[in-house]
Amino acid sequence: MARDMDRRNFLKAAGAATATTTMTAGCVGDFVGSGGSGTLTYGRGAPSATLDPQASTSGEVAKVTNQVYDKLMGFEPGGSALVESLATDFTIEGTTATIQLREDATFHNGDEFTAEDFIATYRRFVDPEYEYHFEDRSGYGPYLLGAVEDVSAPDDYTVEFSIAKKYAPFLANLGAFAMAVLPKSEIESGTDFSSEMIGTSAFQFESADQGTGTIRLSAYDDYYGEGPHVEEVTFEVIGENGTRASSLNAGELDIIDGLSPQTITQVEDGEGEIKRRGGINVGYLAMNMATFEPFRNKKVRQAMNYAIDTEELASTVYQGIATPASQPIPDLVTGYNEELDPYPYDPDQAQTLLEEAGYGDGFEFELATFQNPRAYNPSPGEAAETVRSYLGEVGITANLEQKTWETYLNYTAQGSHDACFLGWMTDNGDPDNFYYALLHPQVESDPDQDYVEWSTEGINKTNRAAWANNEFMELVEQGQSTYETSERQSLYREAGAIFHEECPWVPLVHTEEVRGIGPDVSNFTVGVIGGPFLNRVELE
Amino acid sequence: MSTETASTTHEDRGFLDRLLASPFLSDLLSNRLAILGLSLILLITLMGVLTRLAVFVGVLDFGTILDTQFAQPRKHPPCGNPTITGWLGSVGSCQHPFGTDAQRRDVFLRTMYGAWLALKYGTVTVAASTVLGVGLGTLAAYYGGWLDNVVMRTMDVLLSFPSLLLALAVVAIFGTGLWKAVIALTLVYTPRFARVVRGAALKVLEDEYVDATVALGARDWRVIVRHVLPNSLAPITVQSTLNFGLAVIDLAALSFLGFGATAGTPSWGWMLTKGVENGLINGLWWMSFFPGLFLALTVLGFNLLGDGMRDALDPRMQDAVD
Amino acid sequence: MISTRYVIKRLVLLIPVLFGVATLVFSILHLSPGNPATVIATQQADAAEIQRIEERLGLDDPIWVQYVRFMVEVVQFDLGESWVHNKGEPVTDILRWKFPITLQLAVLGQIAGIVFGIPIGIISAVKQDTITDHISRIGALTGISVPIFWSGPLIILLFAVHLDWFPTNGLLSNGPLPKITGVLLIDSIIKGDIVMFVDAAWHLFLPSMVIGIYSMALISRMMRSSMLEVVRQDYIRTARAKGQGEKITLLKHGLRNALIPVVTVIGIQFGSLLGGAVLTETVFNIRGIGMLLVDAITDGDYPVVQGIVLLFAVVFTMVNLFVDLTYTYLDPRIEQ
């Protein structure tokens with residue numbers, strides 16, 4: 001059941017910026033494929049809806065395309081730092097980004113990789129003038145590349161971008177899975193990328209089975225980077241969490257993801273081993289200030305935070321695979337403010353605050369949640385029931401409203417909810433992708449009120465709290481147009497502190513990325529972004 | 001009841017008298033399986049009504065059924081004492097006879113309350129589809145002509161879908177929730193009633209006495225109320241009984257697929273589904289086993305009774321009931 | 001004998017029903033809340049993006065234009081394109097490979113139901129009102145009453161997890177499904193792959209049994225009552241008077257006549273088995289048409305929902321018609 005990645009929301013034609021600083025890449029030593037042996041079997045909960053990285057925003061799609069395709073940028077396995085991939089060197093200065101490409105990469109069809117391939121990929125994604133423009137492209141096209149005004153290739157191994165204004169997350173955007181580089185020759189010969197994959201990465205495509213969802217890849221011997229150390233990779237789909245875990249224990253699978261808290265014990269008790277790492281995500285309860293009047297009162301929002309025991313929630317509903325959140329971003333992300341602590345569980349304090357706010361007798365509101373588990377909320381129904389129980393203790397009546405996922409997204413995107421559960425996962429690991437995407441109204445707002453009406457033209461609908469704190473907005477805008485990391489850090493730390501004081505959300509938890517691996521698997525790193533890194537994995 | 005009794009006693013006595021005089025009831029009561037079914041239904045009804053009543057008068061705090069019980073053990077097996085191994089553990093300290101769930105709530109209490117919800121939503125579904133079906137069926141039979149055609153062809157269309165599938169299609173339109181599932185199932189069941197009633201009504205209308213009444217100048221609704229409905233009551237009752245079981249199981253099925261009960265509803269379907277999710281495969285069986293058991297018993301009860309009723313039914317009417 | 005005129009009459013009568021079915025299916029998309037374009041475009045798409053999609057799908061046309069277009073396309077077996085799968089994969093292509101999976105499951109379940117249901121029904125009838133009869137009757141009713149989303153997981157727990165006799169889910173231990181006919185057991189025979197055949201049969205056993213129990217319950221009930229009905233009839237008494245043994249009487253005369261209504265039940269119920277496959281597939285994680293439907297509703301992929309509902313309705317209607325015609329063939333008195 002776990003369809004655990006949600007990138008649908010992470011799609012906002014981004015604003016951009018102007019100015020000076022420079023970022024340069026580190027260098028990672030190259031390895032040559034060691035020609036290992038065996039078939040690595042990866043079990044997951046849902047199939048890939050497509051094989052075309054430009055057609056989807058789904059994390060399930062990314063798991064597979066990341067094995068076959070490379071992006072210009074990569075992410076450090078297990079972290080969120082940008083590393084080289086098809087790019088060997090990158091600089092961004094003002095509104096120009098220059099990227100040096102590697103000269104030893106080849107596509108699985110034998111073509112050599114050059115800047116022309118990237119340009120064709122780019123045009124297929126976002127250029128309607130291009131003959132081979134992909135009409136059914138996902139919303140990631142305009143989102144990731146919206147800032148770009150022009151792209152050119154001064155030579156075979158250099159790409160130059162000119163962007164509308166200074167925009168710090170730009171390079172990280174190039175590392176998103178949807179920015180996978182396709183070969184120009186195949187684009188222009190009309191290859192159907194939804195059923196075939198031809199990339200430059202460690203594995204090449206063999207077959208995909210619609211009926212079972214099974215996808216088979218084989219090692220690409222001419223891969224320029226590390227690995228692969230296995231002959232084949234197979235992605236298997238097993239929807240039921242418990243079954244997936246027992247298949248791992250039975251040795252039918254080597255790696256599984258989407259482990260519900262309940263199945264972790266199952267793997268630990270069996271043959272398998274659990275690998276976990278703090279994930280770059282957040283689960284939260286957003287209080288809709290525009291729709292529900294009592295939430296406009298800061299004391300009420302703080303009372304909500306005091307009333308809910310997120311630690312208990314993390315250990316029961318999330319069964320210990322999550323840590324209580326104090327701010328939108330987890331500690332792996334630039335600008336994390338370690339001075340902030342999650343609100344302690346203090347129903348008395350909550351009661352006092354409610355009395356001060358004039359709601360001593362409590363109030364009643366609709367708490368919306370969704371039906372199908374997400375990685376940041378594996379049991380949405382139970383989380384909602386527990387939260388309702390906590391709020392009941394301080395006299396607040398929460399009426400639960402549960403909907404199926406797609407309906408739910410539409411419902412809450414219109415601001416119909418009083419409060420709602422939601423979460424966020426990122427594809428670029430940048431703080432902007434939390435603070436600007438989730439909490440900035442992205443329109444001008446009245447400085448005298450800290451929320452925006454849902455009817456406002458062009459409003460950021462992902463800001464489910466309808467929060468519009470001008471001081472916060474300014475910091476986030478600055479963060480977006482600042483290239484200097486230490487400067488950005490302090491800007492986002494401050495933004496985090498305002499968030500903590502004003503609490504438009506009850507930030508619930510950061511969920512850990514958990515994988516189960518079989519006894520034969522070694523050198524497996526849990527990828528928090530840009531993974532899974534199967535090229536590194538060895539089988540004994 | 002035989003054909004003769006049906007037509008001669010019809011005007012003189014009330015429905016109850018006629019029912020008591022007919023062999024229907026005695027046939028039914030001599031059917032041991034039907035009695036077993038009836039007892040099951042009574043037991044479940046008693047369970048549900050008593051629990052609801054206890055909540056209503058305040059003997060039982062509704063919060064203990066609905067809210068997370070922070071002081072109680074989590075996913076605790078039935079009666080078991082965790083320090084003693086074995087299935088039953090220490091039976092002596094049986095605080096939670098059916099164990100507790102992931103929210104530390106007592107599965108026994110929730111299962112008891114679930115009986116109330118099953119009966120409530122089941123009754124509404126069956127009542128709504130009966131009323132709609134009876135209305136449409138009698139109108140179609142009585143007026144015939146184009147009205148009959150329009151109504152029955154529409155029913156045919158609805159009957160062209162496997163029932164669960166039609167319910168899912170309706171859910172796709174209206175969205176998730178128990179009441180919406182009730183609407184969906186009402187739509188699914190109505191055609192069956194319409195067919196049964198239309199068939200039964202046509203048989204009644206064929207009988208001469210109705211013609212005589214009409215000739216005497218009886219108004220439409222009188223003919224329907226006095227003649228058509230009372231004589232269609234038996235097949236309607238049988239159909240309702242059989243459909244009650246179906247409604248209970250289908251509501252739970254929609255919940256299982258994620259389109260019925262939602263968080264905060266202690267319905268059997270929801271409990272069962274969450275129980276399976278919360279580790280049935282790891283051996284934590286009690287969270288789903290008990291709600292499922294009572295669900296099955298309820299459905300069995302209605303099926304046993306409905307079956308017995310059908311056997312006891314006037315053979316003339318038997319064909320009409322599916 | 002069954003007259004051609006009767007068959008044609010029945011087929012003609014089918015047209016308005018199928019027309020109504022298609023209209024109802026059309027309304028699924030148009031009655032559902034939310035803008036279809038936002039489902040495709042994602043939440044944050046701007047107005048221009050949504051308009052682009054609406055134009056492409058023709059959603060900006062007047063509703064009657066859309067209706068006529070839908071009808072014309074349906075007649076040509078064009079069910080539109082999925083909004084989720086491969087962004088525009090034709091729905092018919094998706095159903096092409098999903099339907100055989102579900103069909104295979106329903107057929108296997110039906111076979112299990114017939115193989116066990118008919119003998120049980122006969123025995124029950126022969127031993128009417130004995131303990132055997134009571135047990136098999138209660139058994140049959142229990143089979144119908146127990147929800148498969150309850151018994152299924154319990155059966156998995158017992159036979160697949162604890163005893164480890166069967167796999168817990170899926171269709172094959174490894175490897176892709178061969179796509180020849182789409183029916184796994186047949187495909188593996190065509191390929192001559194005995195290992196795959198056994199593996200598939202091993203995977204299909206539990207889910208087929210779960211469906212089979214339900215089907216068996218219905219068939220044995222019908223068989224019993226139909227058998228009793230026939231036994232009561234005169235010619236059986238006549239046959240008995242001629243001095244044949246009771247068993248042979250029953251088998252020779254009773255069975256053939258008693259089977260007629262059972263055939264009807266088998267046919268009618270086959271449609272509901274297909275519908276019930278939604279539950280079985282979800283329990284056993286078999287990615288057939290049932291799971292596809294659940295996913296499509298969740299994801300708001302309405303063309304797929306429409307396609308599945310339409311397909312099932314047509315199959316269901318056709319099976320019913322076929323059953324009716326068979327019935328008429330076996331017992332021509334009905335043809336009036």
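Protein chains in written order, with the UniProt record's numbering: chain A, 1 to 540; chain B, 1 to 322; chain C, 1 to 336. Beta carbons: idealized from backbone N, C-alpha and C, even for Gly.
#### Entry: Cross-chain neighbours of N303 (chain B) in chain C, by beta carbon under 9 Å
L141, T142, I144 and S145
### Task
Tell whether a beta-carbon distance below 8 Å holds between P53 (chain A) and A178 (chain A).
yes
### Contact list for the stretch 304-327 of chain C against chain B, Cβ threshold 7 Å
V305, V309, F312, A313, F316 and T317
### Message
Can you find the residues in the same chain that come closer than 6 Å, C-beta to C-beta, to G29 (chain A), ignoring five residues on each side of it along the sequence?
### Response
Because the pLDDT at G29 (chain A) is just 38, under 50, the model does not fix this residue reliably, and the point stays unresolved.
### Query
Closest to T138 (chain B) by CA distance: which of B:V248, B:P191 and B:F161 is it?
B:P191
### Query
So N523 (chain A) and A202 (chain A) are in contact, right, with Cβ under 8 Å, and what is the actual spacing, rounded?
So it is not a contact: roughly 13 Å between Cβ atoms.
### Close-in-space but distant-in-sequence residues of the same chain around T317 (chain C) (CB under 8 Å, 5 per side omitted)
L14, V17, L18 and V21
### Message
For a cutoff of 8 Å on Cβ pairs, would you count S26 (chain B) as touching chain C?
### Response
no
### Message
Between the alpha carbons of L184 (chain C) and G276 (chain C), how many angstroms are there, rounded?
### Response
20 Å
### Task
Would you kindly work out how many angstroms separate the C-alpha atoms of I286 (chain C) and L330 (chain C), rounded to a whole number?
37 Å
### Message
For S26 (chain B) and A194 (chain B), what's the separation of their Cα atoms in angstroms?
### Response
28 Å
### Query
Where are the alpha helix (DSSP H) runs, 4 residues long or more, that stay fully inside the stretch 229-272 of chain A, in chain order?
241-249 and 261-269
### Message
Is it the case that the stretch 273-292 of chain A contacts the stretch 407-426 of chain A, given that we only count it when at least three CB pairs across the two stretches are under 8 Å?
### Response
yes
### Task
Mark G360 (chain A) as exposed unless 16 or more other C-beta atoms lie within 10 angstroms of its C-beta, in which case mark it buried.
exposed
### Query
By Cβ distance below 8 Å, which residues in the same chain neighbour R10 (chain C) in space, the five residues on each side in sequence not counted?
L321, D324 and L325
### Task
Check the Cβ of R69 (chain C) against every Cβ in chain A and list those closer than 9 Å, keeping chain order.
Under the 9 Å cutoff, chain A gives no residues; its nearest Cβ is about 20 Å from R69 (chain C).
### Task
With DSSP collapsed to three states, give me the class of A97 (chain A).
strand
### Query
Is there a Cβ from chain B that is less than 8 Å from the Cβ of S246 (chain A)?
yes
### Expected contact under 8 Å - CB spacing of T51 (chain B) and A115 (chain B) to nearest Å
7 Å
### Query
Span of the alpha helix (DSSP H) holding P90 (chain C)?
First-last for P90 (chain C): undefined, no H or E at that position.
### Residues near E116 (chain A) in its chain [Cβ-Cβ closer than 8 Å; skip 5 each side]
A153, D156 and K184
### Residue range of the unbroken alpha helix (DSSP H) whose run includes F125 (chain A)
A115 to V126
### Query
What residues match up with W202 (chain C) in a beta bridge as DSSP calls it?
DSSP, once it has assigned bridges, lists no residue as partnering W202 (chain C).
### Query
Buried or exposed: which applies to H85 (chain C), given that a residue is buried once 16 or more other Cβ atoms fall within 10 Å of its Cβ?
buried
### Query
In its own chain, which residues sit with a C-beta less than 6 Å from the C-beta of L242 (chain B), not counting the 5 before and 5 after it?
G306
### Task
Indicate whether the contact test is met: 3 or more Cβ pairs, each with one atom in the stretch 511-521 of chain A and one in the stretch 273-281 of chain A, closer than 8 Å.
yes
### Task
Go ahead and pull the three-state DSSP assignment for I274 (chain A).
strand
### Query
With burial defined as no fewer than 16 other Cβ atoms inside 10 Å of the residue's Cβ, what is the status of V225 (chain B): buried or exposed?
exposed
#### Entry: Those residues which DSSP pairs with C420 (chain A) across a bridge
A:A286 and A:A368
### Query
Do T397 (chain A) and P77 (chain A) have their C-beta atoms within less than 8 Å of each other?
no
### Query
Which chain A residues sit within Cβ distance under 7 Å of R74 (chain B)?
T316
### Query
Can you tell me the Cα-Cα spacing of R203 (chain B) and L229 (chain B), whole angstroms?
Just to set this straight, residue 203 (chain B) is Lys in the shown sequence, not Arg. Cα to Cα, K203 (chain B) sits roughly 12 Å from L229 (chain B).
### Query
Are there 16 or more other CB atoms within 10 angstroms of the CB of W467 (chain A), so buried, or fewer, so exposed?
buried
### Task
Assuming E231 (chain A) contacts S379 (chain A) (C-beta within less than 8 Å), just tell me the rounded distance between them.
At roughly 38 Å, the Cβ-Cβ gap does not stay under 8 Å, so E231 (chain A) and S379 (chain A) are not in contact.
### Task
List the residues of chain C whose Cβ lies closer than 7 Å to the Cβ of Q210 (chain A), in chain order.
W97
### Message
Check whether chain C comes within 8 Å of A49 (chain A), counting only Cβ atoms and requiring the distance to be less than that.
### Response
yes
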